[in-house]
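Novice: Sharing a structure here in structure tokens format.
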Amino acid sequence: MKLRAIIADDEPLARERVRALVSDEPDVEVVAECSNGAQTLKATQEQRPDLLFLDVQMPRLNGFEVLEALESEQIPVVIFTTAHDEHAIRAFEVNALDYLLKPFTEARFKAAVQRARDQVSRGSRGRSDRQLSALLNHVHTATPGGGRILVRSPERIIFLKPEEIDHVEAAGNYVVLHAAKDRHILRETTAAMEARLAPAGFMRISRSVIVNLARIREVQPLGPGQYSVLLKTGARLDMTCSLSELQTRLSET
Amino acid sequence: MRQALELVSVTQSSPGKAARPSRRSRILGLCGMVWTVFVSLAIWWLLRGDSGPSVYIIHDGNSAPRATVQKFRAWSKGDLGIERVYPWVLLGPYVALIALYFPLERGRLRLSLALNLAACAGFVAASHAIGERISVRGQTVVFLRSDAVLGGDSGGTNVVEVAVTKSAGSGGIGGLAGGGGIIRDTRELVTSSGRVNGDSRELVPAEVAKLRDVSDAGISNLLAELQPGNRKGARAVFPPPGLPRPGLLSMLLDLLAYCAVVGLAHSVHFYRRLREREHQALFLESNLAQARLNTLRAQLQPHFLFNSLNAIAALLRRDPRLAEATLLSLSELLRLALSQSERQEVSLREEINFVGHYLEIQQTRFGDRLRIEQEIEPAALECLVPTLLLQPVVENAIRHGIEPGDKAGLVRVTANQEDGRLVLTVADNGVGLSGTGLELASTSVLSGKASIVPLPNKGSLGVVGEHVGNGIGLTNLRARLETLYGTEQKLELAERKEGGVTVRIELPWRPAAASESAGRIRAS
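Those protein sequences? They're chains F and W, same order as listed.
This note's numbering numbers the first residue of the first sequence as 1075 and each following residue consecutively.
This note's numbering numbers the first residue of the second sequence as 4 and each following residue consecutively.
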């Protein structure tokens, strides 16, 4: 069985090196080479390769964002390559993912390809899926400001900066991101969203609502110990946390 | 260089002063005002009419060996008198101030010399005038002569002889007669002579009282009366020996005093200057060391280093020669970055050469994605520029302009002469300031699988660290330029309309040959 592979790296010589090493592997066929994240995303969606050599630092979308933008069933077996990115390396280590440090030796490369080959033949997607989502979570929390949040809708993919989000509401297994007039639905838990957004100046004011503290206009008392938060956007949200908690957070920011 | 250093020292000291400008200058101003008021009062007091004229006492004038003593005493009251110091003390601070602000040194020697000469003349004239006034008043002289020998004749009753001279402009005899000081002095005389047995106080008031009524004409009469041999063989010495009005000697002394003050001021000034230079050199040294470290960090920056090595590894199969060249460039770059050269300035040729190695490697790494243009005026190559001037700028352009984008990047380095100044620019057509900053373009819309138009993005991991690191590079460069050239330099960062960033640096145009010796800060 032939392995169909895509090489993604912004440096031509780096791609060349991977290609040269791949040419020694008779069962691996390079179907595309990409020099930036967007190209990689597109090529992966179109070609549906078995194997992706993915450079972490690339223009437009970095390697992680490419993976995030892909549907989980579109994600092939990934071999990350990086020259030096401490955060990324830590993320790989933590999630026990294979990666190649440039410049890599032939032996190291062969070993990585062999492992990928095994994975593909075993069809053990499930495990790598979990690993990848754990990796992305790790990357999100390790990135200052939470990084950009990728939202996928049937027709498009949007990257939202945390400061663009007014508030987040839980809706079953999903969360709804309110950003100005737009609503984006994301398959994510409120707790995960809270963890990701809290460093960017967000606070969870009730079981189902996370609010951008910078958007709060006023807090209105409803009854004894009950308040509602009025946002600059006009939205009114019930608050179940204590007022002092909110004040503490507000004074921090 | 010297001029540059002057400027440097000005700018260098200005931040320190700026930090506590009003307070220090206010205190100094207040001190100056108080002093001036004090000086005015003192001079008024010294020059004011007649109050307690000095009383010169010569007793026993007939003893020849005493003449020298008398002469010395007279001197000590005159040219060498403590009074001569008053004007020096009073005017000294002003002289010192002038000397401090206009020291005699290269640069504005003519102005300083003229000012100092004028100040010198003024000082001597003022000192002389004050001294004369004091000594003139002192010339109302009372000679009291205790004729002990004759006194012995009169059977225990001491006879005291008094002579008064009055020179022009003095306070007159009236003041003398009325002054209580005379009595004291007289008693001193009497007791110090050791020949008086009676109570001097009984004697003297009578004598003084005799003077009280005398007019100027009366004094003449009195003097006549006191002529040698006129009365009991008394001998008055008149005019007093060795009691000159301030003359050439005193002016010489004034001049010496002036020179002493100016000398002191100069030593303070040059000491300070020395300290300042030392400080300066130290600052530049540490700053250069910092720049070197930053450059080194950039060269050894793992992202650059390992990607370069990876590129070389890739080239080895296809193009060993290019691989070799790249490897040599890299080694040269590292060698230059590691070299411990102390030079603050190098010729632009050297700097371009250094940057060239860096650009070569980047060119190899990025291939078509990076184009480099250089447009250097040949004459500019020989100009002196600060060490590691272009390196951080070019590095910035590539790392934050070209690398994050994916279109064909262009870095353009120019150097030429404009209005007698060296103007260097490094321009790129990359993602610009907004793209390089932490403000990443946010909403990138990927329309389905067809056209994908996301905005430029740096790898979101580690962005902050990189930017901080680079900020230091340019900040360091700015500080170094300021220290080296003061206001003679400019470093501007501007976004280009067509995209990308231009960094423009203006420096004094100084060909290396002309200022070779001055090119080394340590030597100057």
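For each residue, glycine too, the CB sits at the ideal point set by N, CA and C.
What you are looking at is a predicted structure, and each value in this text was computed from that prediction instead of being measured.
(1) Based on Cα-Cα distance, which residue from ILE1259(F), HIS1241(F), THR1307(F) and ALA1245(F) lies nearest to ILE1279(F)?
(2) What is the residue span of the beta strand (DSSP E) that SER1325(F) lies within?
(3) DSSP state of HIS1241(F), grouped into three classes?
(4) List the residues of chain F that LEU337(W) touches, going by C-beta distances under 8 Å, in chain order.
(5) Take ALA1181(F) as the anchor and find which of GLU1103(F), HIS1158(F), GLU1099(F) and ASN1136(F) has the nearest alpha-carbon.
(6) Is there a Cβ of chain W sitting closer than 8 Å to that of HIS1158(F), yes or no?
(7) Determine, using beta carbons only, whether ASP431(W) comes closer than 8 Å to chain F.
(8) Comparing C-alpha positions only, which one of ALA1274(F), HIS1161(F), ASP1256(F) and GLU1243(F) sits nearest to GLU1262(F)?
(9) Is there a Cβ of chain C sitting closer than 8 Å to that of ASN1211(F), yes or no?
(10) Decide if ASP1159(F) is buried, meaning its Cβ has at least 16 other Cβ atoms within 10 Å, or exposed.
(11) DSSP three-state call for ASN1286(F): helix, strand or coil?
(12) According to the Cβ coordinates, are LEU393(W) and GLU354(W) closer than 8 Å?
(13) Show which residues of chain F have a CB atom less than 9 Å away from the CB atom of PRO323(W).
(14) Which one or two residues does DSSP pair with THR390(W) in a beta bridge?
(15) Should ASN1080(F) and PRO1123(F) be called a contact, given that it needs their Cβ atoms to be closer than 8 Å?
(16) Looking at chain F, is there any beta carbon in it that lies within less than 8 Å of the beta carbon of ARG320(W)?
(17) So which residues of chain W does SER1109(F) contact, with C-beta pairs closer than 7 Å?
(18) ARG368(W) touches chain F at which residues, Cβ-Cβ below 9 Å?
(19) I need the DSSP call for PHE1178(F), collapsed to helix, strand or coil.
(20) Give me the residue from THR505(W), VAL504(W) and GLU421(W) with the minimum Cα distance to PRO511(W).
(21) Can you grab the Cα-Cα spacing for the pair GLU327(W) / CYS1108(F), in whole Å?
(22) Am I right that LEU1271(F) and LEU1209(F) are in contact with their C-beta atoms under 8 Å? What's the rounded C-beta distance?
(23) Once you ignore the five residues that flank PRO514(W) on each side, which residues in its own chain have a CB closer than 7 Å to its CB?
(24) Taking only beta carbons into account, state which residues of the segment 1177-1191 of chain F come closer than 7 Å to chain W, listed in chain order.
(25) Which residue or residues does DSSP assign as beta-bridge partners of ASP1129(F)?
(26) Relative to the alpha-carbon of GLU46(W), which residue among GLY32(W), ILE30(W) and ARG87(W) has its alpha-carbon at the smallest distance?
(27) Going by other Cβ atoms of all chains shown within 10 Å of its Cβ, with 16 needed for buried, is THR1155(F) buried or exposed?
(28) To the nearest angstrom, report how far apart LEU363(W) and LEU1135(F) are at their CA atoms.
(29) Would you tell me roughly how many angstroms separate the C-alpha atoms of SER1302(F) and ALA1253(F), rounded to the nearest one?
(30) Which of helix, strand or coil does DSSP assign to ASN313(W)?
(31) DSSP on ILE1231(F), reduced to helix/strand/coil?
(32) Using 10 angstroms around the beta-carbon of ASP409(W), count the other beta-carbons present and answer buried if the total reaches 16, otherwise exposed.
(33) Would you identify the three-state DSSP class for ARG148(W), choosing helix, strand or coil?
(34) Got a sec, what are the start and stop residues for the beta strand (DSSP E) PHE1276(F) sits in?
(35) If you pair each beta-carbon of the segment 1225-1238 of chain F with each one of the segment 1175-1189 of chain F, do three or more pairs fall below 8 Å?
(36) Identify whether LEU1077(F) lies in helix, strand or coil by the three-state DSSP scheme.
Specialist: Taking the geometry as given:
(1) Ranking the options by Cα distance to ILE1279(F), first place goes to HIS1241(F).
(2) No beta strand (DSSP E) contains SER1325(F), which is instead part of the alpha helix (DSSP H) from 1317-1326.
(3) HIS1241(F) carries a strand assignment under DSSP once its states are collapsed to helix, strand and coil.
(4) Neighbours of LEU337(W) on chain F: none; closest Cβ ~16 Å, over 8 Å.
(5) Of GLU1103(F), HIS1158(F), GLU1099(F) and ASN1136(F), the residue nearest in Cα terms is GLU1099(F).
(6) The beta carbon of HIS1158(F) falls within 8 Å of a beta carbon belonging to chain W, placing the residue at that interface.
(7) Interface with chain F (8 Å Cβ-Cβ cutoff): ASP431(W) is excluded.
(8) When C-alpha distances from GLU1262(F) are compared across ALA1274(F), HIS1161(F), ASP1256(F) and GLU1243(F), the shortest belongs to GLU1243(F).
(9) The structure shown contains no chain C; its protein chains are F and W.
(10) So ASP1159(F) counts as buried.
(11) The DSSP-derived three-state label of ASN1286(F) is strand.
(12) Yes, Cβ-Cβ distance for LEU393(W) and GLU354(W) is below 8 Å.
(13) Under the 9 Å cutoff, chain F gives no residues; its nearest Cβ is about 13 Å from PRO323(W).
(14) Partner(s): none; THR390(W) has no beta bridge.
(15) At residue 1080(F) the sequence reads Ile, which differs from the Asn that was named. The answer is yes: Cβ separation under 8 Å.
(16) Chain F contact via Cβ: present.
(17) Under the 7 Å cutoff, chain W gives ASP409.
(18) Using a Cβ-Cβ cut-off of 9 Å, ARG368(W) is close to GLU1085, PRO1086, LEU1087 and ALA1088 of chain F, given in chain order.
(19) Looking at PHE1178(F) - three-state DSSP - the assignment turns out to be coil, as it is neither helix nor strand.
(20) Closest by alpha carbon: GLU421(W).
(21) Cα-Cα distance, rounded: 27 Å.
(22) Between LEU1209(F) and LEU1271(F) the Cβ distance is about 19 Å, and since that is not below 8 Å, they are no contact.
(23) By the criterion of a C-beta distance shorter than 7 Å, PRO514(W) is surrounded in its chain by GLU385 and CYS386, once the five residues flanking it on both sides are discounted.
(24) Per Cβ criterion, the list reads PRO1177.
(25) DSSP lists THR1155(F) as partners of ASP1129(F).
(26) A small correction: the amino acid at residue 46(W) is Ile; Glu does not occupy that position in the sequence shown. ILE46(W) has its Cα closest to that of ARG87(W), out of GLY32(W), ILE30(W) and ARG87(W).
(27) Around the C-beta of THR1155(F), 16 or more other C-beta atoms lie within 10 Å, and the residue is accordingly described as buried.
(28) Before going on, a small fix: residue 363(W) reads as Glu here, not Leu. Near 27 Å, if we compare the C-alpha coordinates of LEU1135(F) and GLU363(W).
(29) So the alpha carbons of these two residues sit roughly 20 Å apart.
(30) If DSSP states are grouped into helix, strand and coil, ASN313(W) belongs with the helices.
(31) In the structure shown, ILE1231(F) adopts extended strand secondary structure according to DSSP, grouped into three states.
(32) Around the beta carbon of ASP409(W), a 10 Å sphere encloses 16 or more other beta carbons of the protein chains shown; the residue is thus reported as buried.
(33) With a pLDDT of 44 at ARG148(W), under the threshold of 50, the modelled position of this residue cannot be trusted; read the value that follows with caution. Strand.
(34) In the DSSP assignment, PHE1276(F) falls within the beta strand (DSSP E) that extends over 1276-1280.
(35) No, the segment 1225-1238 of chain F does not touch the segment 1175-1189 of chain F.
(36) Taken through DSSP and simplified to helix, strand or coil, LEU1077(F) comes out as strand.
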